Structures are given as C-alpha cells and as structure tokens.
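Trainee:
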Amino acid sequence: MPSYPPLFPYVTRHFLAQNPLSRNPCLFFFNHGRSALAFLVRQLQAQERCFFLLPSYTCPTVLKSVLGQTEDYNFVDLDEDLDFELEDLQRVLAEVPAGCRVVLLPTHLFGIPTRDYKKLYPDFLVIEDRAQSVISPGSTADFQIGSFGRGKLIGAWNGGVILAKDPGITEAYRRVPAQRDFFKSYTLSFAQVLISKYLWSLLERTPLNPERRVGQEQQPSLPLRRAAGLKTRWMTNGLAAFDPGRRLAIGGAYRQGIRLELQYALGNKLPLLRYPIKIGQLNQKVLSRIGLSQLKSYRLTYEIARQRRGRTLEGACRLAYQSCFLPQHELLSDGYVQDTITQLNQHTAGSA
C-alpha cells in the first residue's frame, strides 16, 4: 500500500503559494505521484468497471500505476500539439467493451495544456496527469494528479497529490497506512536548500551559468564533482522557485529563434518544463550539450502502446525517436538560451 508523508517545507512554501488549496478537503497527499495515481485507479475500479485510455507517450511510471491495477486499458496516439489525436481517440473508443466507464488520462506533457475533455465528454471520468505541470483550481477534470519529484516544476525529494472534485475518496484515503517522519522530511528539505544555494557552485558548473561549449575539452574532476554532475539537471530545475513568467519567456525565445520545421504545432501554447523539438536524424553534437535530453525511458511507453494497438503510432513515435527536449527552467541565462538556439539550428540543418 502507498504511504504519504507530511508536506515538505519546500512544497508547502511554493506549491500552496501558487494554488489556494491549503484548506481544500479534496486535496490528498502521497509519497509519489505514481502512488497517488495507483491509489486512484484502485478506488475507481472498486466502484465500477472502468476502461482507461492513456497517451501513447508518457512517463513509464504512469504505466506502472495503471497497468498494475487493471487489464482494462488502451493507448491513444498524440497529435502535433502533443494532445490526444482525436480521430485515433474515436477509433479506440469504438473498441471499449460495453458496460465500462471510460476514464481518460490526458497528460500535460512538459506543462503544455490539454483540451477540456470533461467538456467534450461529460459522461467520462477525466484524470488530468499534471505531474509535468501544476495543479489548477480551475480545471473541470474529475481528478488531477500532481508530482513534486526531482526535476518537476515545483520539486522536492518526492511527493504527489490528488485534487478531486468531491471528497468521495476521503474514507479510502484515511485507511492508507501513513508514514509521517517529520524530522526526516525537514532534514532533507533543509539539505536541499543548503546544496542549491551555497554548495552547488563549488561542485560543478550547471546550466545556471553555462560556459562549456560543444567539443570543448573537459578538465579532469574529482569523483565528487563527477557525481554532482549527474544530478545537474534535476537539482537546478527542482530547487528553483517556480517562475512561470521566466519559463514562458524562455519558451518564447525558443519559438522565435528555432527554425519552424523543427517545431511542433503547439499553436498559442507554450510548455513550462521542457521545449520539444523535432530533429529527425538526431545529431549527437546537439545532444551532447548540457541539458538536452531524448527522454529515452519514455520509449518504453511507446513500445508497449505500439504492441497493444498492433500498429505504428506516428505522433508518439516521432516524440520517442525523432525528438529532443530543451531545458526551460527559470535559472537559465539568456546567453545559454541563445547559444542553444544557434547550435540547434546549425547542427540540425538538413536533418529535419
């Protein structure tokens, strides 16, 4: 059974400051976002037979949370704005067994908003996966899942949350074994603050003030520095105070500077966590830059989705194998952003 800790001070300070939810009786906290989702899937299945529709490209922890609780699920391909591809959604809906309640799990990939599925399908249950975004008090979804894990918009060592439209899961939540280690949670949170504010710059350069260039020879470093370097991305991202204005400015710079053929058709949407780029034959010089990622673990989701559907899912396949994702946390300097744009345009010329 999942357990849930008291809120980390960092989460209390930043998450609840952004959302007026501190006294909301429909807010339920867990150790991890995946624990929150697994708990919710079990509760819905206990009430009635549900059929879950998942995006064919998302974090593999979502699969573990859902597939570990039910066999009634399928996948939907994604379109150019990284939302459910509506024609494919209709094909999958036509195959849902009779008597099942449809549960949609749209994912706000990289903080990009999804459609209002509760308005489109009022008879469905809608669980918005906002692990890569922030919980919204104004959402019409029946449930929202949030995460405070490393590298998320608002980060701590761990933590997850469910925001429900009504308190119907309260009794089941109260029966979950609690794990309340007040001293441990505050100690870890305090250590985060010390590392991020006072010690990190002594260990390794980070995207906060990047000076490294592609192909530049690296100086030997102590094992401690090498170990610290492995944590560069999530430490600088997860420990930054959430500043959506700065993140939107970075996304706007990427949109204006990067060649159009490399970009997804996001319309007026801008991501908040990472900026997705289509680069065809991936260029390793670009990917070697600090902060660029292919999110290779997400390919597991796509491969399971492809096997389940028995066909190639073009939108998800492009994300899994022909894309990279640019850093977008608010500590990035303007110089780093512009240099990333220049390097990307130069090294992907003719490969899109």
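Numbers given in this note's numbering equal positions in the sequence shown, counted from 1, plus 315. Backbone N, C-alpha and C define an ideal beta-carbon position, used for all residues, glycine too. The structure displayed is predicted, hence computed values, not measured ones.
1) Report the option in 463, 457 and 489 whose CA atom is closest to the CA atom of residue 480.
2) With distances taken Cα to Cα, identify the nearest neighbour of residue 644 among 485, 590 and 614.
3) Given a cut-off of 9 Å, decide if residue 444 and residue 421 are closer than it, judged by their beta-carbon atoms.
4) Helix or strand or just coil, what does DSSP make of residue 481?
5) Answer yes or no: do residue 477 and residue 361 have a C-beta to C-beta separation smaller than 9 Å?
6) Residues bridged to residue 422 by DSSP?
7) By the three-class DSSP mapping on this structure, what secondary structure does residue 544 have?
8) Within this structure, are the beta carbons of residue 461 and residue 346 separated by less than 9 Å?
9) Would you give the residue range spanned by the beta strand (DSSP E) that residue 579 belongs to?
10) Once DSSP output is grouped into helix, strand and coil, what is the label at residue 593?
11) Can you find the residues in the same chain that come closer than 6 Å, C-beta to C-beta, to residue 585, ignoring five residues on each side of it along the sequence?
12) Quick one: complete alpha helix (DSSP H) runs, 4+ long, within the region 379–438?
13) Between which two residues does the beta strand (DSSP E) carrying residue 342 extend?
14) In the DSSP assignment, the beta strand (DSSP E) including residue 461 goes from what residue to what residue?
15) Going straight from the alpha carbon of residue 648 to that of residue 463, what length do you get?
16) So, with DSSP's three-state summary, where would you put residue 557?
17) Report the rounded CA-to-CA distance for residue 397 versus residue 436, giving the unit in angstroms.
Mentor: With the structure as the only source:
1) 457
2) 590
3) yes
4) coil
5) no
6) 444
7) At residue 544, the pLDDT of 37 sits below 50, so the modelled position is not reliable and the matter cannot be decided from this model.
8) no
9) Counting along the chain, residue 579 falls outside any beta strand (DSSP E), and DSSP gives it neither H nor E.
10) strand
11) Answer for residue 585: 563 and 566, listed in chain order.
12) The DSSP assignment places complete alpha helix (DSSP H) segments of no fewer than 4 residues inside the region 379–438 at 401–408 and 432–435, in order along the chain.
13) 342–345
14) Looking at the DSSP string, the run of the beta strand (DSSP E) that includes residue 461 is 458–462.
15) When rounded, the distance between both Cα atoms is 24 Å.
16) Reduced to three states, the DSSP call for residue 557 is coil.
17) 19 Å
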